[in-house]
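Novice: Using this note's numbering, the first residue of the sequence shown is number 984, and each one after it goes up by one.
No residue lacks a Cβ here, since even glycine has one placed at the ideal position from N, Cα and C.
As the structure is a computational prediction, the values presented were derived from the model and not from experiment.
Dropping a structure here in structure tokens format, bear with me for questions.
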Amino acid sequence: VRAESAGHALELLAEHGDEAKLLAGGHSLIPLMKFRLAAPAVVVDIGRITELSYVRDAGDHLAIGALTRHRDIEISELVGSQAGLLAAATSKVGDPQVRHRGTIGGALAHGDPASDVPAALLALRATMVVDGPDGQREVSSDDFFTGFLETAVGEQDLLTEIRVPKVPDAGWSFQ
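Here it is, written out as structure tokens:
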């Protein structure tokens, strides 16, 4: 089922409950389905919700929409100048095809401890914005990852934004 907006995605999740899974770039859900580790009855396609794809200067932080492609973050001058560690980490995600299709929100919501992007966002002390049946909440990167392949995003929640503090003069290394 294709969601037309973030609100519509939340409605579909509420309607289908834990039988539904979100699909954006597909690099997390599709392999899980191939290995029979996930078998959702309903797949909610959120990949075309343009309102969740952006990189903005929000004063003391960068606001990044959850459906922003890795490649867009990698080449963003704003990210490069204000949160260079994130740009560097994003440049190491998969191969170019993966970076052109995969999203920052998907990388986070999957909760893979081997992924570079979550590690960079932990180091940068990012905050995730999650919308759900009880409204919107902010979750610190320290509290976002709750276990192996587990995050604070519930079955009826939608990760909508990542807020990254600006650190233009910070020193860092990424290998």
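How is the alpha helix (DSSP H) around Q1139 delimited, first residue to last?
Specialist: Locating residue 1139 in the sequence shown gives position 156, counting from the first residue. Counting along the chain, Q1139 falls outside any alpha helix (DSSP H), and DSSP gives it neither H nor E.
Novice: With distance defined between alpha-carbon atoms, name the residue in D1126, A1021, V1100 nearest to T1110.
Specialist: As a position in the sequence shown, residue 1110 is number 127, starting the count at 1. Checking every option, the nearest Cα to that of T1110 belongs to D1126.
Novice: Please name the residue or residues paired with A1086 in a DSSP beta bridge.
Specialist: By one-based count along the sequence shown, residue 1086 stands at place 103. Reading off the sequence, residue 1086 comes out as Thr, not Ala. Beta-bridge pairing links T1086 to R1052.
Novice: Out of curiosity, what's the CA-to-CA distance linking M1016 and D1001?
Specialist: Indexing the sequence shown from 1 puts residue 1016 at position 33. Indexing the sequence shown from 1 puts residue 1001 at position 18. Looking at the two C-alpha atoms, the distance is approximately 15 Å.
Novice: Which runs of the beta strand (DSSP E) fall wholly inside the segment 998–1078 and span at least 3 residues, in chain order?
Specialist: 1003–1006, 1025–1028, 1038–1040, 1044–1048
Novice: Please work out which residues of its chain come closer than 8 Å, Cβ to Cβ, to E1144, disregarding the five sequence neighbours upstream and downstream, and give them in chain order.
Specialist: As a first step, residue 1144 is located in the sequence shown; it is residue number 161 there, counting from the start. Cβ neighbours of E1144 beyond the five flanking positions: L1035, A1046, I1047, G1048, A1049, M1111, V1112.
Novice: Going by C-alpha to C-alpha distance, which of V1026, P1079, G1063, Q1158 sits closest to D1152?
Specialist: Residue numbering aside, residue 1152 sits at position 169 when the sequence shown is read from its first letter. Measuring from the Cα of D1152, the nearest candidate turns out to be G1063.
Novice: If distances are taken between C-alpha atoms only, which option among A1024, L996, K1149, Q1080 comes closest to L1104?
Specialist: Translated into positions along the sequence shown, residue 1104 becomes position 121. With distances taken between Cα atoms, L1104 lies closest to K1149.
Novice: Pairs of beta-carbons, one from the segment 1026–1034 and one from the segment 985–1001, closer than 8 Å: are there three or more?
Specialist: yes
Novice: Where V1081 and E1057 are concerned, what is the direct C-alpha to C-alpha distance, given to the nearest angstrom?
Specialist: The residue you call residue 1081 lines up with position 98 of the sequence shown. The residue you call residue 1057 lines up with position 74 of the sequence shown. Their backbone Cα atoms lie some 12 Å apart in a straight line.
Novice: Tell me where the alpha helix (DSSP H) around S948 begins and ends.
Specialist: Residue 948 lies beyond the stretch modelled for the chain, which goes from 984 to 1158, so this question has no answer here.
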